Each structure stands twice: as structure tokens, then as C-alpha cells.
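Structure, rendered in C-alpha cells:
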């Protein structure tokens, strides 16, 4: 079970219900409480994709053959890292834990800003 919601005075009873449901699973869970920030903005996403294209063109002009999507995946690998998710194998019906690149769509505006700042610093360092 996973829950991601804005915890506020106005919805504390909803939060308590989620906690009770979680406890009924008899499994340990991690609870992280941090200040609420909205998900990354559309303008942040558009800017990041523009950068991936520019970096791709720069790398291609210097002999590398990386598409904007390749650049995005490499930058996520370098600056965002991985998370472990649970996914079911449809043939065995067993749930497996697998590592996958973090997704920018799951970042809040602050985390996306930090990711983009690191990308920008790296791009400048290679002369892009």
C-alpha cells in the first residue's frame, strides 16, 4: 500500500483512516513527513526536455550519438538515481522487487529544481 497526500488539519481523519488500513496489512511501512510541495511544473518539464534536446545536439556535434531520450535517461541515472518498486510477474503471479530509474514526473518542484540545477552545472562543465 502506498499513500501520497497533503496532510493538513482539514483532512486528519482521512489520514488516520489510511494509517489504520496500513496497520491492518501487518507489514512494516515507512512514513516520511516533509513539507508539502506541488509536483514538478509543466514549465519545468518543458524546459528540461528542451535542455535534453540541446545537450543531445551538442553531444552529436562532438561525435556522440545520443538522442534527447538517451540524454534524459543518462542524466536521471547520474543525478536522480534509482528506486525499488514492486511489480508482479504475470506468468508466476509472484511480486518482485526491481530497481528502476526515478521518474521526473514524481518529483516535486523543489526536487525538480535541484535535478535541473545539477544538469545545468554538468552541461556548463562540458562546454555545452
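In my numbering, the protein residues as written are 112 to 239. All residues carry an ideal CB built from backbone N, CA and C; glycine is no exception. From a predicted model like this one, the values you see are computed outputs, not experimental measurements.
Note to self: Let me make sure I understand the geometry here. Which of 222, 176 and 152 has the alpha-carbon closest to that of residue 145?
What the structure shows: Indexing the chain shown from 1 puts residue 145 at position 34. The candidate whose alpha carbon is nearest that of residue 145 is 222.
Check: alpha helix (DSSP H) containing residue 170: first to last residue?
Finding: Start at 1 with the first residue of the chain shown, and residue 170 comes out as number 59. For residue 170, the enclosing alpha helix (DSSP H) stretches over residues 153-172.
Notebook entry, point to check: Going by beta carbon distance, what residues of the same chain come within less than 8 angstroms of residue 199, once the five residues before and after it are set aside?
Noted result: Translated into positions along the chain shown, residue 199 becomes position 88. Once the five neighbours on either side are set aside, the close Cβ partners of residue 199 are 205, 206 and 207.
Item checked: Integer Cβ distance of residue 234 from residue 166, believed to fall under 8 angstroms -> Along the chain shown, read from residue 1 onward, the residue named residue 234 stands at position 123. Along the chain shown, read from residue 1 onward, the residue named residue 166 stands at position 55. Contact flag correct, Cβ pair sits at about 6 angstroms.
Check: What residue from 130, 176, 134 and 183 has the CA that sits closest to residue 157's CA?
Finding: Residue 157 sits at position 46 when you count from the first residue of the chain shown. Comparing Cα positions, the closest option is 183.
Item checked: Given 8 angstroms, three or more beta-carbon pairs between the region 125-139 and the region 186-198 -> Cβ pair count under 8 angstroms is below three, so no.
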